[in-house]
Amino acid sequence: MPLMRNARSFFAPLAIGAPDPVRAIPVTPSRMIHFFDPSNEKLRGKVPDMARSADILLGNLEDAVAADKKEAARAGLVEVGRTADLGGTPLWTRINALESPWALDDLVTLVTEIGDVLDVVMVPKVEGAEDIHYVDRLLAQLEARAGLSRPVLVHAILETAQGVANVEEIANASPRMQGISLGPADLAASRRMKTTRVGGGHPGYRVLADPGDERPSYQQDLWHYTVGRMVDACAAAGIFPYYGPFGDIKDEAGCEAQFRAAYLMGCVGAWSLHPVQIGIAKRVFSPDVEEVRFARRVLEAIPDGSGVHMLDGKMQDDATYKQARVLVDLAELLAK
Ligand code: GLV
Ligand code: MG
Numbered sequence: 005m006p007l008m009r010n011a012r013s014f015f016a017p018l019a020i021g022a023p024d025p026v027r028a029i030p031v032t033p034s035r036m037i038h039f040f041d042p043s044n045e046k047l048r049g050k051v052p053d054m055a056r057s058a059d060i061l062l063g064n065l066e067d068a069v070a071a072d073k074k075e076a077a078r079a080g081l082v083e084v085g086r087t088a089d090l091g092g093t094p095l096w097t098r099i100n101a102l103e104s105p106w107a108l109d110d111l112v113t114l115v116t117e118i119g120d121v122l123d124v125v126m127v128p129k130v131e132g133a134e135d136i137h138y139v140d141r142l143l144a145q146l147e148a149r150a151g152l153s154r155p156v157l158v159h160a161i162l163e164t165a166q167g168v169a170n171v172e173e174i175a176n177a178s179p180r181m182q183g184i185s186l187g188p189a190d191l192a193a194s195r196r197m198k199t200t201r202v203g204g205g206h207p208g209y210r211v212l213a214d215p216g217d218e219r220p221s222y223q224q225d226l227w228h229y230t231v232g233r234m235v236d237a238c239a240a241a242g243i244f245p246y247y248g249p250f251g252d253i254k255d256e257a258g259c260e261a262q263f264r265a266a267y268l269m270g271c272v273g274a275w276s277l278h279p280v281q282i283g284i285a286k287r288v289f290s291p292d293v294e295e296v297r298f299a300r301r302v303l304e305a306i307p308d309g310s311g312v313h314m315l316d317g318k319m320q321d322d323a324t325y326k327q328a329r330v331l332v333d334l335a336e337l338l339a340k
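Be aware that the sequence shown starts at 5, since it is given in my numbering, and climbs by one per residue.
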């Protein structure tokens with residue numbers, strides 16, 4: 005079982021000899037990864053403001069950046085890394101896909117020029133451990149060349165059927181692995197799903213009650229299976245799962261519902277594509293005050309974490325103690 009394999013301060017140290025993925029939480033808030041296009045000069049000017057409100061800031065070089073803007077985006081991110089006041093907010097990038105003509109230059113330029121302020125490289129369309137191994141070795145060379153004293157971490161996007169099939173080996177492919185995000189838009193295409201959306205649900209995806217049964221039918225979560233697989237793979241590897249993007253910026257209720265389903269299933273955060281989604285992610289990925297209050301009562305009722313106790317008529321034992329710890333640890337992290 006990997007323990008504190010990840011070398012950067014992004015991670016809470018776990019006690020040696022006490023493997024417990026339940027306790028593996030980011031040491032800084034990680035409720036949303038806020039995307040911006042570094043080729044856009046106006047947005048570059050807003051980076052300090054974005055860094056003040058977002059938990060993580062990501063300069064996107066891949067999809068949504070047109071082919072003729074790729075170099076401007078890379079150069080814009082170098083400028084941000086060199087000059088912007090991020091106030092301690094982690095800076096990530098999403099590089100282009102490994103088979104694209106830009107990925108190699110993305111890595112060489114960014115690690116050489118701003119490797120000292122670049123925390124995590126997000127790699128799209130990861131299909132298996134070999135993709136992570138390639139990035140891992142390249143990063144090691146570039147870090148040595150740049151004389152960096154801390155490693156750049158790696159985050160994989162799960163957005164092909166092949167990637168989903170190999171999610172466990174991806175999660176365990178390198179000590180640099182920070183986490184995995186679901187990429188529902190590319191994954192939908194890879195699976196030949198019949199949607200035209202970036203994440204979220206679909207009104208047609210529902211299971212009806214029997215004829216004559218008047219109970220309402222509800223839309224089902226298209227991403228339940230993949231989020232479940234991803235969360236298990238990440239928890240087993242001691243890294244962090246994130247729901248990815250929600251493309252309908254105006255549908256705040258839909259975004260909140262999708263983020264909340266992911267939060268409850270174990271994701272630590274989601275992507276934000278617009279400032280309004282930063283607020284949604286903060287709300288959703290911060291534990292509910294009443295639930296934290298109850299969780300604290302569970303911890304107080306079972307000080308050594310063992311045995312059976314009744315609280316408001318509900319049975320508490322070693323397992324509910326561990327669940328309560330998850331909520332209280334997260335609340336304490338966010339209160340810092
Ligand atoms: C994200 O990259 C997605 O494809 O959903
Ligand atoms: Mg994608």
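Every residue, glycine too, gets a C-beta built ideally from N, C-alpha and C. Treat the numbers as computed from the prediction; the structure is a model and nothing was measured.
Check each candidate in Leu62, Ala165, Pro207 and Ser178 and name the one with the smallest Cα separation from Pro188.
-> By 1-based counting over the sequence shown, the position of residue 188 is 184. Selected option, being the one with the closest Cα: Ala165.
Could you pull the start and end residues of the alpha helix (DSSP H) that Tyr267 belongs to?
-> The count along the sequence shown starts at 1 and reaches residue 267 at position 263. Boundaries of the alpha helix (DSSP H) harbouring Tyr267: Glu256 to Met269, taken from the DSSP string.
Compute the beta-carbon to beta-carbon distance between Met36 and Gln281, rounded to the nearest angstrom, for a pair I have assumed lies under 8 Å.
-> Counting from one through the sequence shown, the residue named residue 36 turns up at place 32. Counting from one through the sequence shown, the residue named residue 281 turns up at place 277. Taking 8 Å as the upper bound for CB-CB distance, Met36 and Gln281 are in contact here, some 7 Å apart.
So does Gly204 have its beta carbon nearer than 7 Å to some heavy atom of the ligand MG?
-> Position 200 of the sequence shown, counted from the start, is the residue given in the question as residue 204. For Gly204, the shortest C-beta to heavy atom distance toward the ligand MG is 7 Å or greater.
Buried or exposed: which applies to Arg48, given that a residue is buried once 16 or more other Cβ atoms fall within 10 Å of its Cβ?
-> Taking the sequence shown and counting its residues from 1, the one referred to as residue 48 is at position 44. By the neighbour-count rule (16 or more Cβ atoms within 10 Å), Arg48 is buried.
Quick one: what does DSSP say Val288 is sitting in, helix, strand or coil?
-> On the sequence shown, residue 288 is found 284 positions in, with the first residue counted as 1. DSSP places Val288 in helix when its eight states are reduced to three.
C-alpha distance - Pro155 paired with Asp110, whole-angstrom precision | Taking the first residue of the sequence shown as 1, we reach residue 155 at position 151. Taking the first residue of the sequence shown as 1, we reach residue 110 at position 106. Using only the alpha carbons, I get a separation of about 17 Å.
Any 3 or more C-beta pairs closer than 8 Å across the stretch 254-264 and the stretch 167-179 = As far as the Cβ criterion goes, the stretch 254-264 does not touch the stretch 167-179, which means the pair count is below three.
Can you list, in chain order, the stretches of the alpha helix (DSSP H) that have 4 or more residues and sit fully within the stretch 39-87?
-> DSSP runs (the alpha helix (DSSP H)) wholly in the stretch 39-87: 45-49, 51-57 and 74-87.
DSSP puts Trp96 in a beta bridge; with which residues?
-> To locate residue 96, count along the sequence shown from 1; it is residue 92. For Trp96, which the question treats as bridged, DSSP gives the partners Leu62 and Val124.
The beta strand (DSSP E) enclosing His313, as first and last residue numbers | As a working note, residue 313 is residue 309 in the sequence shown. Annotation for His313: the continuous beta strand (DSSP E) segment containing it runs His313 to Leu315.
Which residues in the same chain have their Cβ closer than 6 Å to the Cβ of Ala328, if we skip the five residues on either side of it in sequence?
-> The residue labelled residue 328 in the question sits at position 324 within the sequence shown. Only residues of its own chain outside the window of five on either side were considered, and among them Ala299, Val302 and Leu303 have a CB closer than 6 Å to the CB of Ala328, listed in chain order.
Is Glu103 near the ligand GLV, going by C-beta to nearest heavy atom under 7 Å?
-> Position 99 of the sequence shown, counted from the start, is the residue given in the question as residue 103. For Glu103, the shortest C-beta to heavy atom distance toward the ligand GLV is 7 Å or greater.
Compute the minimum distance between the beta carbon of Gly167 and the heavy atoms of the ligand HEM, and state whether it is under 7 Å.
-> The ligand HEM is absent from the structure shown, which contains only the ligand GLV and the ligand MG.
Is Pro128 near the ligand MG, in the sense that its beta carbon is under 7 Å from a heavy atom of that ligand?
-> By 1-based counting over the sequence shown, the position of residue 128 is 124. Pro128: yes, Cβ under 7 Å from the ligand MG.
If you compare alpha carbons, which of Ser34, Asp59, Ile99 and Ser57 is closest to Pro42?
-> Within the sequence shown, the letter at position 38 stands for residue 42. Selected option, being the one with the closest Cα: Ile99.
With burial defined as no fewer than 16 other Cβ atoms inside 10 Å of the residue's Cβ, what is the status of Arg86: buried or exposed?
-> The count along the sequence shown starts at 1 and reaches residue 86 at position 82. Classification for Arg86: exposed.
Going by beta carbon distance, what residues of the same chain come within less than 6 Å of Ser13, once the five residues before and after it are set aside?
-> Counting from one through the sequence shown, the residue named residue 13 turns up at place 9. Bear in mind that the predicted position of Ser13 carries a pLDDT of just 40, short of 50, making it unreliable; the figure below should be weighed with that in mind. Around Ser13: no qualifying Cβ.
In whole angstroms, what is the alpha-carbon distance linking Ala16 and Leu61?
-> As a first step, residue 16 is located in the sequence shown; it is residue number 12 there, counting from the start. As a first step, residue 61 is located in the sequence shown; it is residue number 57 there, counting from the start. The pLDDT assigned to Ala16 is 43, lower than 50, so where the model puts this residue is not dependable, and the model offers no usable value.
Locate the beta strand (DSSP E) running through His159, then write down its first and last residues.
-> What you label residue 159 is simply residue 155 of the sequence shown in a count that begins at 1. That run of the beta strand (DSSP E) goes Leu157 to Leu162.
Length-filtered (3 minimum) beta strand (DSSP E) runs lying within the stretch 107-153 | Those beta strand (DSSP E) runs which fall completely within the stretch 107-153 and span 3+ residues are 122-127.
Note down the Cα distance separating Ala70 from Pro128, rounded to an integer number of angstroms.
-> Position 66 of the sequence shown holds residue 70. Position 124 of the sequence shown holds residue 128. C-alpha separation (whole angstroms): 16 Å.
Nearest neighbour of Pro249, chosen from Leu108, Val31, Ala239 and Pro279 [CA to CA] = For the purposes of this step, residue 249 is taken as residue 245 along the sequence shown, with counting starting at 1. From the listed residues Leu108, Val31, Ala239 and Pro279, the smallest Cα separation to Pro249 is found for Pro279.
In or out: Ala148 buried (at least 16 other Cβ within 10 Å) or exposed?
-> Here residue 148 refers to the residue found at position 144 when the sequence shown is read from its first residue. It is exposed - the Cβ of Ala148 has fewer than 16 other Cβ atoms within 10 Å.
Where Met234 falls, given that 16 or more other Cβ within 10 Å makes a residue buried | Translated into positions along the sequence shown, residue 234 becomes position 230. Under this definition Met234 is a buried residue.
Using alpha carbons as the reference points, say which of Ala58, Thr97, Pro207 and Gly309 lies closest to Ser34.
-> To locate residue 34, count along the sequence shown from 1; it is residue 30. Out of Ala58, Thr97, Pro207 and Gly309, Ala58 has the C-alpha closest to the C-alpha of Ser34.
Sequence-distant residues of the same chain with beta carbon closer than 7 Å to Ala285, five excluded per side = The residue given as residue 285 occupies position 281 in the sequence shown. Taken in chain order, the residues that qualify are Arg35, Met36, Phe263, Gly273, Ala274 and Ser276.
Following the continuous beta strand (DSSP E) through Gly183, name the residue where it begins and the one where it ends.
-> For the purposes of this step, residue 183 is taken as residue 179 along the sequence shown, with counting starting at 1. Here the beta strand (DSSP E) through Gly183 covers Met181 to Leu186.
Neighbourhood of Cys238 by C-beta, 7 Å cutoff - its chain only, sequence neighbours within 5 removed | Translated into the one-based positions of the sequence shown, residue 238 becomes position 234. So the list reads Ala175, Gly183, Ile184, Phe244 and Pro245, once near-sequence residues are dropped.
Assuming Val231 and Cys271 form a contact by the criterion Cβ under 8 Å, report the distance between their Cβ atoms to the nearest whole angstrom.
-> Reading the sequence shown from its first residue, position 227 is the one you call residue 231. Reading the sequence shown from its first residue, position 267 is the one you call residue 271. Your pair Val231 and Cys271 checks out as a contact, with CB atoms roughly 7 Å apart and the cut at 8 Å.
Is Asp41 near the ligand GLV, going by C-beta to nearest heavy atom under 7 Å?
-> One-based indexing of the sequence shown puts residue 41 at position 37. No.
Is it the case that the Cβ atoms of Gly203 and Gly132 are separated by a distance below 8 Å?
-> As a first step, residue 203 must be located in the sequence shown, where it is residue number 199. As a first step, residue 132 must be located in the sequence shown, where it is residue number 128. Cβ atoms of Gly203 and Gly132: not closer than 8 Å.
Which residues DSSP lists as bridging Pro245, in chain order | To locate residue 245, count along the sequence shown from 1; it is residue 241. According to DSSP, which records beta bridges pairwise, Pro245 is partnered with Ile184.
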